[in-house]
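K.L.:
My questions will all concern the structure given below.
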Amino acid sequence: MDERGKLGIIRKGTTSKPFRIIRNVIAVVVTLGLLAYLIYYVKPKTFAETIIQIDPWILLLALFISVLMIFIKVIRWKYILGKLDINISFWKTLQFTFIGSFGAAVTPAKIGDVLRAFYLSKWTETKESSSVFSVILDRVMDLISISVFSIIALPFYFVGLESIIKWGIAGGLTIVAIVVFFTFNKQIIKKIVFLLMRLRRKKNTEGEDNEPRAIKYIDDYYSHLTCFNLRNYSALFLLSFLFWILLGTQVSLLIFSLSSTVMSFQNTLTIIGIMAIAAVVSLLPISLSGIGIRDLTITFLVYFSLLIQSEYAFSASIIQTVFNMLLPALIGGIFVLVLRRKKKRNNEL
58 MDERGKLGII RKGTTSKPFR IIRNVIAVVV TLGLLAYLIY YVKPKTFAET
108 IIQIDPWILL LALFISVLMI FIKVIRWKYI LGKLDINISF WKTLQFTFIG
158 SFGAAVTPAK IGDVLRAFYL SKWTETKESS SVFSVILDRV MDLISISVFS
208 IIALPFYFVG LESIIKWGIA GGLTIVAIVV FFTFNKQIIK KIVFLLMRLR
258 RKKNTEGEDN EPRAIKYIDD YYSHLTCFNL RNYSALFLLS FLFWILLGTQ
308 VSLLIFSLSS TVMSFQNTLT IIGIMAIAAV VSLLPISLSG IGIRDLTITF
358 LVYFSLLIQS EYAFSASIIQ TVFNMLLPAL IGGIFVLVLR RKKKRNNEL
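Okay, so the sequence shown: first residue is 58 according to our numbering, each after it adds one.
Structure (structure tokens):
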């Protein structure tokens with residue numbers, strides 16, 4: 058059986074269709090509910106007036122920063138692929154990155170980002186164990202960088218935070234710790250998969266024994282770790298670090314332009330810390346791509362730390378969500394349609 062089949066064995070039965078539907082419905086309700094609450098809180102008229110008054114040149118600069126951030130994501134992933142001897146063009150890497158953005162935008166905690174691994178495997182004949190590993194390592198390095206920013210920023214904010222945000226931060230950092238631990242600990246993963254396979258076999262005694270194939274897939278997956286050393290991890294971390302510096306700068310430009318607050322170096326560092334904390338909180342899989350819960354956290358923390366009115370922080374958060382998530386997701390959706398149409402034409406020939 059090929060790698061694609063083995064991945065299917067692991068995927069199959071992990072989450073039932075009713076569970077996925079319920080999870081996605083809850084995520085949509087939470088996302089829309091939180092956004093509606095924030096719009097009500099800052100007042101719809103005030104929110105609309107705030108968005109309209111922003112300097113168009115600042116918007117263009119913010120959009121340019123979004124483009125730079127996308128290129129950093131592509132470079133970081135391409136660097137990982139290169140270490141795995143997966144040589145694809147920059148254009149294809151960019152395509153699959155946008156497709157990952159599409160998957161991330163429609164799933165809780167951006168777990169749909171793994172969609173780019175599927176397309177990488179499907180369109181470049183890359184083994185799925187390699188493509189999945191590349192995406193997971195890419196995400197893990199991103200999580201490590203936001204965790205570092207968050208931990209540095211926490212002492213300045215944690216005491217005065219609302220309980221719900223404290224629990225969100227604790228939950229998000231716990232998720233990061235678990236993901237990092239499992240990413241680099243093959244034996245623990247093997248034991249968990251071994252246990253799950255046995256439980257599944259007890260429920261379905263007539264089913265095929267997929268345990269050897271699953272274990273083989275895990276061995277293949279973790280063998281890729283040997284391709285990376287401390288220097289490689291440091292390079293990936295620096296790229297992630299630069300990504301978050303740019304994101305903090307972008308949101309700072311938007312907030313300070315809207316509120317006429319002086320954009321000092323200290324204030325920009327504060328915004329970067331806030332964005333990292335918001336990213337950690339948004340890891341809780343209760344809203345689509347963290348939208349809503351992240352905006353709530355940003356709005357509260359900006360007011361709490363910089364005394365900037367809520368409508369400015371919320372408006373800046375919405376604009377960066379559109380530039381950094383929704384627009385890339387839209388482009389990714391177009392690429393998905395184009396590739397599906399291309400596949401259909403090839404099948405007809």
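We put the CB at the ideal spot given by N, CA and C, even for glycine.
By how many angstroms is the C-alpha of I232 removed from the C-alpha of W134?
P.N.:
Taking the straight line from one Cα to the other gives about 22 angstroms.
K.L.:
Leaving out five residues before and five after P165 in sequence, what residues of the same chain have Cβ atoms less than 7 angstroms from its Cβ?
P.N.:
For P165, where only same-chain residues beyond five positions count, the Cβ hits under 7 angstroms are R80, A84, P342, I343, S344, L345.
K.L.:
With a threshold of 8 angstroms, are at least 3 pairs of Cβ atoms found where one atom belongs to the segment 91-102 and the other to the segment 272-288?
P.N.:
Output reads no: the segment 272-288 does not touch the segment 91-102.
K.L.:
Based on DSSP bridge pairs, tell me the residues matched to P165.
P.N.:
P165 is bridged to L345.
K.L.:
Look at the alpha carbon of P101 and the alpha carbon of L353, and state the distance between them as a whole number of angstroms.
P.N.:
Those two C-alpha atoms are separated by around 16 angstroms.
K.L.:
State the DSSP-derived secondary structure class of L364, mapped to helix, strand or coil.
P.N.:
In the structure shown, L364 sits in coil (DSSP, three-state: anything other than H, G, I, E or B).
K.L.:
Does the Cβ-Cβ distance between I122 and Q307 come in under 7 angstroms?
P.N.:
Contact: yes.
K.L.:
Mapping the DSSP letters down to three states, classify D199 as helix, strand or coil.
P.N.:
Looking at D199 - three-state DSSP - the assignment turns out to be helix.
K.L.:
Flag this pair as touching only if the segment 369-384 and the segment 307-321 have three or more C-beta atom pairs under 8 angstroms; answer yes or no.
P.N.:
Touching, yes.
K.L.:
Assess contact between the segment 318-328 and the segment 114-133, defined as three or more Cβ pairs (one per stretch) separated by less than 8 angstroms. Is contact present?
P.N.:
With a cut-off of 8 angstroms, the segment 114-133 and the segment 318-328 do not count as touching, because too few Cβ pairs lie within range.
K.L.:
Would you mind reading off the limits of the alpha helix (DSSP H) that contains L295?
P.N.:
287-316 is the span of the alpha helix (DSSP H), which, as asked, contains L295.
K.L.:
Can you look up M320 in the DSSP assignment and give me helix, strand or coil?
P.N.:
Of the three classes helix, strand and coil, the one that applies to M320 here is coil, per DSSP.
K.L.:
Taking Cβ to Cβ, would you say A210 is nearer than 7 angstroms to G330?
P.N.:
A contact, by the Cβ cut-off of 7 angstroms.
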